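Peer 1:
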Ligand code: ADP
Ligand code: MG
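Residue numbers (UniProt numbering): 1 to 552.
Here it is as C-alpha cells:
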C-alpha cells in the first residue's frame, strides 16, 4: 500500500473548507450523487460509439445505504468507475473542474464559507461530514479494482481490491458528534430522502434506498398487528423539469435546476419556459444569468444549450441553438422531432434545429423587451452584464442584426441623467431635429464637461453619452435609427459660421500651431467655452484613440 500526498494546493483548499464555519454540510450528498450520475452518463456516451456496449437502462442506478452501528453512509453507482491513474488524477487534486474558479474567487473575496457554499467543491465536500472516506471502484473494461482511502488532509492511499462489476462505491465514516453538529442526523432514511428530493430530484437515473415500510402481519387476526419490512424505493422523480407544466413549478424549482445543471454560480435573473407544438415541437427552459459566467471573456468560453431528444442528452453545448448576441443564455432544449441516432455532423445540418434556433432567438428578444418594459431596474442590471455582448453582435454583423436588436440598447442621456433606449430618445426629439446626437468619452463626468456639447444643451437637445469603447463603432455600423442619422457632437461643430474677419486670426494660429492642427475654425456650438478640439474626417477623437490603442 502506497501513501500518497495531496497536491499542495488541494491540501490548502481542503483545510480551508473543512475548517470554515460552513453550515450547509448537507450538500455533500448532492455532490456525490452528481458525480455518480456523471459516471453513468459516461457509460451512456460510451454506448453511443461502442457497439459491444448496450445501454440497458435498468442496469444503471445510484444506491444509498447507511449503517447506524458503523456510522457510515455509502453511495454506490454502476457508472464508469476509475482506474488507479484516474483515482490519482481526479481525487488527488481537489475538485478538478471547479478548482480554478474556486481559487480565483477565494483570491478576490474574503468570504470563504459563502464561496464554498456557492461552488460546492465536489468530491471533497465529503470531508464536511466524514473523518474518513473510502472509494472502492472498478473501471469499465478493466480487470483490477481499487480501494482509495483518506483520513485526513495529509494524504491518501490506494491499494488493489476486489469488486465484481464496474462502478464506484463511496463510503463516508461520519465525524464524531460535537455540540454544534450531530452527524448522526444523516443516519436517517427520511433525512436522506428529503435531501435527495431537495437537491437531486431531476437526476435522470434512479436513486434508490431501502425504506422501512409497515404492513399488517396477519389479515385475519382480530387485533391487527403490524410488522416492519424494508423495500428498495426510488427517491427521485426523474421527470425532467422542462417536461412539467409551468403551473406545477415554483421559482425555487427553476433556480435549483439552474444550479443542478451547473449553469452558473449566480442566480438566474429570469427564465423562459417554452412549450411549442407545431411543425417542429420542442420544450425548453432558458435562463438569463445575473452575472457573467466566470470564463465569459476568455477564449475557452463556449456558448450553447443542452440538447435532448426526447429526454436523452444528445449534446451538452449545442452552439447552433444560440446566436452570438445571446451567447450568455443557458438552458436546455428537448425535441422529439430530432431523430435519435443522429451523429453530430448530421445534427448540425438539421433544418429542424434551425427552426428551433430562430424561435428561441425570438423568444429571448421578446422576453428582454418585456423585462425592459415591466422591470427597468432588472433590465439595467441585465444590460450591465450583457449589453456589450449584444452590441458586439450588431457590430460584427455589419449592422445586419440591427433591426432585431437595436431596441435592446441603452445609452446614458444628458437630459434624463440615466440610461435610455433609442426609442425613448426618438420620442423626445425636437420637431425640427433630424439627427441623434452622441458624445464619446471615458466616463459620464468627462463627457459632461466636453465643450462641444454646450451648444446643443443650451438648445435643450438631448445627447447620448457613449462610455463603452464599442459604442461608437456600433452606431457607425447602424448609421441611423428610424431614419434619424447618428451624429457625433464634435462633428456638429463644423456647422458653425465662419466670418471673413476671423480668417486672418485663424491663419495666424494655424501658423503657430503648425502640424499639430489641420485647421482652426470658428463655431457657434461652444456655449461658454472658448475652444474645443475636434477631429477631421469620419472618426471622433475618442474613436481614434481606440483605433490607436488597438494598433499598438
Ligand atoms: P467534478 O465533478 O466537478 O469534476 P469532483 O470533485 O466532484 O469534481 O470530482 C472529481 C472527479 O473525480 C470527477 O471529475 C470524476 O472524474 C471523478 N469521480 C468522482 N466521483 C466519481 C464516481 N462516482 N465515478 C467515477 N468518477 C468519479
Ligand atoms: Mg462533481
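Quick reminder that beta carbons are idealized off the backbone N, C-alpha and C, glycines included.
Quick caveat: nothing in here was measured; it's all calculated off a predicted structure.
1) Residues in the same chain with beta-carbon distance under 8 Å from residue 160, minus the five sequence neighbours each way, listed in chain order, please.
2) Which residues in the same chain as residue 72 place their Cβ atom closer than 8 Å to its Cβ, once the five residues preceding and following it in sequence are excluded?
3) Go to residue 46, then tell me how far its alpha helix (DSSP H) extends in each direction, as first and last residue.
4) Return yes when the C-beta of residue 264 is under 6 Å from any heavy atom of the ligand ADP, and no when it is not.
5) Return the Cβ separation of residue 40 and residue 78 in integer angstroms, given the expectation that the two are a contact with Cβ distance under 8 Å.
6) Which value, in whole angstroms, describes the spacing of the CA atoms of residue 553 and residue 250?
7) Does residue 427 come out as helix, strand or coil in the three-state DSSP assignment?
8) Curious, which full-length beta strand (DSSP E) runs of at least 3 residues does the region 456 to 486 contain?
9) Counting by C-beta, which residues lie closer than 6 Å to a heavy atom of the ligand FMN, in chain order?
10) Quick check on residue 5: buried or exposed, where buried means 16 or more other Cβ atoms within 10 Å of its Cβ?
11) Using the Cα positions of residue 228 and residue 193, report the straight-line distance between them to the nearest angstrom.
12) Please look up how many angstroms separate the CB atoms of residue 37 and residue 239, rounded, as I've assumed it's under 8 Å.
13) Does the beta carbon of residue 143 sit closer than 7 Å to a beta carbon anywhere in chain C?
14) Are there any heavy atoms of the ligand ADP lying less than 6 Å away from the beta-carbon of residue 43, as far as the coordinates show?
15) Curious, which full-length alpha helix (DSSP H) runs of at least 4 residues does the region 386 to 412 contain?
16) Alpha carbon to alpha carbon, what distance is there between residue 191 and residue 407?
17) Return yes when at least one heavy atom of the ligand ADP lies under 6 Å from the C-beta of residue 554, else no.
18) I need the DSSP call for residue 532, collapsed to helix, strand or coil.
19) If you draw a straight line from the alpha carbon of residue 64 to that of residue 331, how long is it in whole angstroms?
20) Taking the DSSP output, what are the residues bridged to residue 273?
21) Would you tell me roughly how many angstroms separate the C-alpha atoms of residue 57 and residue 207, rounded to the nearest one?
22) Starting from residue 88, follow the beta strand (DSSP E) in both directions and report where the run begins and ends.
23) So what does residue 66 bridge to, in DSSP terms?
Peer 2: According to the data block:
1) In the chain shown, the residue the question calls residue 160 occupies position 160. Excluding sequence neighbours, residue 160 sits near 144, 145, 146 and 147.
2) The residue you call residue 72 lines up with position 72 of the chain shown. Once the five neighbours on either side are set aside, the close Cβ partners of residue 72 are 66, 171, 172, 173 and 174.
3) Walking along the chain shown from the start, residue 46 turns up at place 46. First-last of the alpha helix (DSSP H) with residue 46: 27 to 49.
4) Translated into positions along the chain shown, residue 264 becomes position 264. False, no ligand heavy atom lies under 6 Å from that Cβ.
5) Indexing the chain shown from 1 puts residue 40 at position 40. Indexing the chain shown from 1 puts residue 78 at position 78. Between residue 78 and residue 40 the Cβ distance is about 7 Å, and since that is below 8 Å, they are a contact.
6) The chain is shown only over 1 to 552; residue 553 falls outside these bounds and no answer can be derived.
7) Numbered from its first residue, the chain shown carries residue 427 at position 427. Helix.
8) 463 to 466
9) Judged by which ligands are present, the ligand FMN is missing from the structure shown, whose ligands are the ligand ADP and the ligand MG.
10) Locating residue 5 in the chain shown gives position 5, counting from the first residue. Its Cβ having fewer than 16 others within 10 Å, residue 5 is exposed.
11) For the purposes of this step, residue 228 is taken as the residue at position 228 of the chain shown. For the purposes of this step, residue 193 is taken as the residue at position 193 of the chain shown. The straight-line gap from Cα to Cα measures roughly 18 Å.
12) One-based indexing of the chain shown puts residue 37 at position 37. One-based indexing of the chain shown puts residue 239 at position 239. Going by Cβ atoms, the distance from residue 37 to residue 239 rounds to 15 Å, so no, they are not a contact pair.
13) No chain C is present in this structure, which holds just one protein chain.
14) In the chain shown, residue 43 corresponds to position 43, counting from 1. No, the ligand ADP has no heavy atom inside 6 Å of this Cβ.
15) 402 to 405
16) Start at 1 with the first residue of the chain shown, and residue 407 comes out as number 407. Start at 1 with the first residue of the chain shown, and residue 191 comes out as number 191. C-alpha separation (whole angstroms): 50 Å.
17) Because residue 554 is not part of the residues shown, which for the chain are 1 to 552, the question remains open.
18) Residue numbering aside, residue 532 sits at position 532 when the chain shown is read from its first letter. Correct three-state label for residue 532: coil.
19) As a position in the chain shown, residue 64 is number 64, starting the count at 1. As a position in the chain shown, residue 331 is number 331, starting the count at 1. About 29 Å.
20) Position 273 of the chain shown, counted from the first residue, corresponds to residue 273. Answer by DSSP bridge pairing, in chain order: 285.
21) By 1-based counting over the chain shown, the position of residue 57 is 57. By 1-based counting over the chain shown, the position of residue 207 is 207. So the alpha carbons of these two residues sit roughly 13 Å apart.
22) By 1-based counting over the chain shown, the position of residue 88 is 88. Note, residue 88: premise wrong, no beta strand (DSSP E); alpha helix (DSSP H) at 84 to 91.
23) For this step, residue 66 is matched to residue 66 along the chain shown. Answer is 73.
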